[in-house]
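S.K.: So the protein sequences, as listed, match chains Z and A.
Sequential numbering of the first sequence, starting at 1, is according to UniProt numbering.
Sequential numbering of the second sequence, starting at 1, is according to UniProt numbering.
Don't be surprised by glycine CBs; every beta carbon is placed ideally from N, CA and C.
2 protein chains.
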Amino acid sequence: MGESTIEVLERIIRSDGEIEPARAAELSELLDEPPIKDVVALVERSTATRAAVVLRLLSRRRSIAVFDALDAVHQADLIGALGNADVYGFFAELDPDDRVSLLDELPAEIADRLLRALERTERDVTGVVLGYPKGSIGRRMSPEVALIYADMTVGQALAELRRTADGLETIYTLPVIDRDRSLLGVTSLRDLFTAEASVAVAELMDKPTFANAHDDAEETARWFLPLDLLAMPVVDDSRRLVGILTVDDAQDIVESADDEDTARSGAHEPLQQPYLSTPLLKVVRSRIVWLLVLAVSALLTVQVLDTFEDTLAAAVVLSLFIPLLTGTGGNTGNQAATTVTRALALGDVRKRDVAQVAWRELRVGLTLGSLLGVLGFLGAWAVYGLPIGIVIGSTLLLVCAMSATVGGMMPIVAKGLGADPAVFSNPFISTFCDATGLIIYFLIAKSVLGI
Amino acid sequence: MGESTIEVLERIIRSDGEIEPARAAELSELLDEPPIKDVVALVERSTATRAAVVLRLLSRRRSIAVFDALDAVHQADLIGALGNADVYGFFAELDPDDRVSLLDELPAEIADRLLRALERTERDVTGVVLGYPKGSIGRRMSPEVALIYADMTVGQALAELRRTADGLETIYTLPVIDRDRSLLGVTSLRDLFTAEASVAVAELMDKPTFANAHDDAEETARWFLPLDLLAMPVVDDSRRLVGILTVDDAQDIVESADDEDTARSGAHEPLQQPYLSTPLLKVVRSRIVWLLVLAVSALLTVQVLDTFEDTLAAAVVLSLFIPLLTGTGGNTGNQAATTVTRALALGDVRKRDVAQVAWRELRVGLTLGSLLGVLGFLGAWAVYGLPIGIVIGSTLLLVCAMSATVGGMMPIVAKGLGADPAVFSNPFISTFCDATGLIIYFLIAKSVLGI
């Protein structure tokens, strides 16, 4: 049912933002019907113009919820299509951390204008978040945190919460501090709520899980999420409470980091906005640089083959196996690379594990290579004779061992050089394995076939 | 500091679980020091034997938190290494949905034994979850949900919550029901807590965001997370409340689905447990089937080249460009495939968008192909003469257009056939683009060079 209402809406509001005149009257009513998630999906699939029309026609409460659910890049795209009043309204309703993410995507003068239009207190809390470096968790936390002191009783703490709840991002996870604002522990509304009013807050306090505002945002979010907490305190270098990181913000951080890794393992940059609503040239731009760099690296293979042109001319049959051998090398390398890239992202593997990883992958590669090598030997022997069988079989063995080892080490080496492991993974590994695989192939062929 | 304690621990507890005797006395103290997240990381990097020793030495509260933070597959691995008493203890402490995930990973007789050791009420709630099919959201929800009726006052609701809080997964997001248990709306502890006791719950109720217990788990979790809610009600087919889905469970679902997609785009199956603690043969097994299938498909390229062997023999120079051309085709195809696979997973693209996607990718491919084609033409012309320049340039143009279109459509077609889009993506697209790219190449070469 929700689905079909959305389809009706897609028909009535055309992609250029024009509304089918005969149906204009029903629109507000139709938009009020489907669940928020369907309206979000509609907006995500729409051009900026249509998305702006939809947002304007929604009730205020629903339009804020929808705008809130969009990525910062998509929000920034919409800013141009929305009227000023709407923009100021949405901007003021965002949490300070989401506000900062959006500011990061906007041209400086628009960002400035938006900031100046904020109320003073809102501008101040936004300023706190803006003060932390990009990529730090301080930039993604909420500075609007409840102040619960360890010397309060449960009754006092609950009264304080009731008084200040309105301006707070969460009142469920409650950092407990001393009068210097130093973090002492964590409690929760659930614990306070089920305790007697006269109990001291200090008695309901757990050892805190917390982050430093300068910690790397992605790393912090990655270890935070599996702990299944709703939020955790963020402190400064002297362990004073400066904010709180909520699970939805941690989730956003991990989601966009994963997007980036997926994109790069597929040899392009992330689009950062829904595919169908991304302008065509933006899609081309996200891919062309990678393609060019990879094509230029592939010149290496032309070079290698050029060197062995005489061998190739002497036995044209060798060229038949080029795609099979380079393909298998590339696949083996990618298997190792994706596994290790993921393990690095999750923190399961660290930089100093490089030797352990190389040793594992060498053994895995040799095992895989033996299996494929035997099959390759038998197949090529049957069709093209014993010498070719020996060449193909032993090349497969060596190429698999080499590719798995290189593929496993490359992401760690990239991280050691300060690069994103995903950048140096799959496509580069394929190209590298192509070139070295071909060298292995022709050296073996020359010695076995005696050319 | 936490880091170094962990390193000391890694030294004292050897990977076979043996403890360095001289240091045994310090152990409990050392294990009490580092934050939970570091102990989780230690356990994830450890063999099952060492992990079991660490879990046994932790305080009860900490060991439960650590066990809880592990993936179900990893938990299942540990079951064998832990003593019976520990296993029953951990199992009883898990939430019903996490318990079911673990049961799914265990051999039937062990699963049975664990279930029978549960207290009756716990066994009953576990049974509710077990009643829903694998892959449904009912299997991942918590059936222990607060019963807040719309005709209660805030005071009554809060009293009811205080009374039952202990057995509930969350008391923050509160589904509101009528006396038939039909879902009417949602409210929150925050709203109740800041309202007057005499207000009717019905007045604080929002239109609910909810899922049906039979809905697909991954799809549901994907649309739920961006809404930044802490939990949402789950209902049966007659819209009666049966449970609640919390953000951490949704997060787990998405995380393991992403793991699977990443693995498959890298041509292997997910390990489902931390890389360094996975036995070597399990790593081999996660890769060998893919490698074999891909190698067999690559026989297609041998076939194609065999067909054009005369052309190759007549102009050996053509073989120099084989890896460059197939590589570029594969890269272009993968770019399109990863983008569309991700968009499908996020719900940005649906099955019926296939024509729109194909049309977008054709235009993107033609744009990319024109750029690369011009460069390829100029380069090949300079080194190998005009005819080869024309062959390389026009092959690049056509291969890019073809690969992008096929790469973009393949994941959607796979989904239409009921397969995981990621399975049919990158590696198969590379193989397919290799073979068709070679055909394009040799047909162009034959007609331009006149062989």
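#1: If we call anything under 8 angstroms between Cβ atoms a contact, is V125/A one with E144/A?
#2: Is the Cβ of R190/Z closer than 8 angstroms to any Cβ of chain A?
#3: Does DSSP put G389/A in a helix, a strand or coil?
#4: How should I439/Z be labelled, buried or exposed, when 16 other C-beta atoms within 10 angstroms of its C-beta is the threshold for buried?
#5: What is the residue span of the beta strand (DSSP E) that G185/A lies within?
#6: Can you name the start and end residues of the beta strand (DSSP E) that L174/A belongs to?
#7: How long is the line joining the alpha carbons of R23/A and T5/A, rounded to whole angstroms?
#8: In its own chain, which residues sit with a C-beta less than 6 angstroms from the C-beta of G389/Z, not counting the 5 before and 5 after it?
#9: When burial is assigned at 16 or more other CB atoms within 10 Å of the CB, is D97/Z buried or exposed?
#10: Would you say residue 482/A faces chain Z, with C-beta separation under 8 angstroms as the test?
#11: Check whether the Cβ atoms of T332/Z and N426/Z lie closer than 8 angstroms to each other.
#12: Taking the beta carbon of E7/Z as the centre, do at least 16 other beta carbons fall within 10 Å, making it buried, or is it exposed?
#13: Could you please give the first and the last residue of the uninterrupted alpha helix (DSSP H) stretch that includes G418/Z?
#14: Could you tell me whether the Cβ atoms of Q273/Z and L225/A are closer together than 8 angstroms?
#15: Out of T328/Z, A298/Z and I322/Z, point me to the one whose CA is closest to V293/A's CA.
#16: At the 8 angstroms Cβ level, is L378/A part of the contact set with chain Z, yes or no?
#17: In the DSSP output, which residue or residues are listed as bridge partners for L245/Z?
#18: Of all the CB atoms in chain Z, is at least one closer than 8 angstroms to the CB of residue 455/A?
#19: Are the CB atoms of Q356/A and L276/Z nearer to each other than 8 angstroms?
#20: Would a check of beta-carbon distances place Q75/Z closer than 8 angstroms to chain A?
#21: Whose C-alpha, out of I79/A, R120/A and L362/A, is nearest the C-alpha of L106/A?
#22: Beta carbon of A263/Z, beta carbon of G347/A: below 8 angstroms?
#23: Could you round the C-beta distance between L174/Z and I148/Z to whole angstroms and report it? I think they count as a contact, below 8 angstroms.
#24: I need the boundaries of the alpha helix (DSSP H) containing D291/A, first residue and last residue.
#25: Counting only Cβ pairs nearer than 9 angstroms, list the residues of chain A close to I171/Z.
#26: Grab me the residues of D434/Z's own chain with a C-beta within less than 6 angstroms of its C-beta, minus the 5 sequence neighbours each way, in chain order.
#27: Quick one, which of R181/Z, T187/Z, L192/Z and G135/Z has its alpha-carbon nearest A159/Z's?
#28: Of all the CB atoms in chain Z, is at least one closer than 8 angstroms to the CB of G416/A?
#29: State buried or exposed for V53/A, treating a residue as buried only when at least 16 other CB atoms are found within 10 Å of its CB.
#30: State whether the stretch 63 to 77 of chain Z contacts the stretch 86 to 93 of chain Z, with contact taken as three or more CB pairs (one from each stretch) at a distance under 8 angstroms.
#31: I'd like to know if S265/A contacts chain Z, where contact means its C-beta is closer than 8 angstroms to some C-beta of that chain.
#32: Please return the same chain residues whose Cβ sits closer than 7 angstroms to the Cβ of I253/A, not counting the five positions on each side in sequence.
#33: Is it right to say D151/A is buried, meaning 16 or more other beta carbons lie within 10 angstroms of its own, or is it exposed?
#34: If you drop the 5 nearest sequence neighbours on each side, which residues of the same chain put their C-beta closer than 6 angstroms to that of D259/A?
#35: At the 8 angstroms Cβ level, is P279/Z part of the contact set with chain A, yes or no?
#36: Between V448/A and I429/A, what straight-line distance do the alpha-carbon atoms span, to the nearest angstrom?
M.R.: In terms of the structure at hand:
#1: Sequence index remark: in the second sequence, residue 125/A carries index 125 (1-based). Sequence index remark: in the second sequence, residue 144/A carries index 144 (1-based). Taking 8 angstroms as the Cβ cut-off, V125/A and E144/A qualify as a contacting pair.
#2: For this step, residue 190/Z is matched to residue 190 along the first sequence. So, interface residue.
#3: In the second sequence, residue 389/A corresponds to position 389, counting from 1. If DSSP states are grouped into helix, strand and coil, G389/A belongs with the helices.
#4: To locate residue 439/Z, count along the first sequence from 1; it is residue 439. Flag for I439/Z reads exposed.
#5: Here residue 185/A is taken as the residue at index 185 of the second sequence, counted from 1. L183 to S188 is the extent of the beta strand (DSSP E) around G185/A.
#6: Within the second sequence, numbered from 1, the residue matching residue 174/A stands at position 174. T173 to I177 is the extent of the beta strand (DSSP E) around L174/A.
#7: Within the second sequence, residue 23/A is the residue found at index 23, counting from 1. Within the second sequence, residue 5/A is the residue found at index 5, counting from 1. Spanning the two alpha carbons is a distance of roughly 13 angstroms.
#8: Position 389 of the first sequence holds residue 389/Z. Answer for G389/Z: F377, A380 and W381, listed in chain order.
#9: Stepping through the first sequence from its first residue, residue 97/Z is reached at position 97. Buried, since its Cβ has 16 or more Cβ neighbours within 10 Å.
#10: Since the first and last residues shown for chain A are 1 and 451, residue 482/A lies out of range.
#11: For the purposes of this step, residue 332/Z is taken as the residue at position 332 of the first sequence. For the purposes of this step, residue 426/Z is taken as the residue at position 426 of the first sequence. No.
#12: Within the first sequence, residue 7/Z is the residue found at index 7, counting from 1. Result: exposed.
#13: On the first sequence, position 418 is the one that residue 418/Z refers to. Here G418/Z belongs to no alpha helix (DSSP H), and DSSP marks it neither H nor E.
#14: Counting from 1 along the first sequence, the entry for residue 273/Z is found at position 273. Counting from 1 along the second sequence, the entry for residue 225/A is found at position 225. Contact flag unset, no.
#15: In the second sequence, the residue the question calls residue 293/A occupies position 293. For V293/A, the nearest C-alpha among the options comes from T328/Z.
#16: Here residue 378/A refers to the residue found at position 378 of the second sequence. Taking Cβ atoms only, chain Z never reaches closer than 8 angstroms to L378/A, which makes this a no.
#17: Here residue 245/Z corresponds to residue number 245 of the first sequence, with the count starting at 1. Answer is M232/Z, bridged to L245/Z.
#18: Residue 455/A falls outside the range modelled here, since chain A spans only 1 to 451, and no answer is possible.
#19: Locating residue 356/A in the second sequence gives position 356, counting from the first residue. Locating residue 276/Z in the first sequence gives position 276, counting from the first residue. Taking 8 angstroms as the Cβ cut-off, Q356/A and L276/Z qualify as a contacting pair.
#20: To locate residue 75/Z, count along the first sequence from 1; it is residue 75. No, its Cβ sits nowhere closer than 8 angstroms to a Cβ of chain A.
#21: Against the second sequence, residue 106/A aligns to sequence position 106. Selected option, being the one with the closest Cα: I79/A.
#22: Position 263 of the first sequence, counting from 1, holds the residue named residue 263/Z. Position 347 of the second sequence, counting from 1, holds the residue named residue 347/A. No, these two residues do not count as a Cβ contact at 8 angstroms.
#23: Mapped onto the first sequence, residue 174/Z falls at position 174. Mapped onto the first sequence, residue 148/Z falls at position 148. Their Cβ separation, rounded to whole angstroms, is 5 angstroms, which keeps L174/Z and I148/Z in contact under 8 angstroms.
#24: Here residue 291/A refers to the residue found at position 291 when the second sequence is read from its first residue. According to the sequence provided, residue 291/A is Leu. The question's Asp does not apply to it. L280 to T307 is the span of the alpha helix (DSSP H), which, as asked, contains L291/A.
#25: If you number the first sequence from 1, residue 171/Z lands on position 171. Result: L189, R190, F193 and T194.
#26: To locate residue 434/Z, count along the first sequence from 1; it is residue 434. Same-chain partners within the cutoff: T301 and T326.
#27: Start at 1 with the first residue of the first sequence, and residue 159/Z comes out as number 159. Residue L192/Z is the option with its Cα nearest to A159/Z.
#28: Taking the second sequence and counting its residues from 1, one reaches residue 416/A at position 416. No, G416/A lies away from the interface with chain Z (no Cβ there is under 8 angstroms from its Cβ).
#29: Stepping through the second sequence from its first residue, residue 53/A is reached at position 53. The residue in question, V53/A, is buried, as its Cβ has 16 or more Cβ neighbours within 10 Å.
#30: yes
#31: Counted from its first residue, the second sequence places residue 265/A at position 265. Chain Z, which has a Cβ nearer than 8 angstroms to the Cβ of S265/A, makes this yes.
#32: Numbered from its first residue, the second sequence carries residue 253/A at position 253. Closer than 7 angstroms at Cβ, skipping near neighbours: R140, A217, E218 and A221.
#33: Here residue 151/A is taken as the residue at index 151 of the second sequence, counted from 1. D151/A comes out exposed.
#34: In the second sequence, residue 259/A corresponds to position 259, counting from 1. If we look at D259/A and ignore the five residues flanking it on each side, its Cβ neighbours are P270.
#35: What you label residue 279/Z is simply residue 279 of the first sequence in a count that begins at 1. It does not: the Cβ of P279/Z has no partner Cβ on chain A nearer than 8 angstroms.
#36: On the second sequence, position 448 is the one that residue 448/A refers to. On the second sequence, position 429 is the one that residue 429/A refers to. Those two C-alpha atoms are separated by around 28 angstroms.
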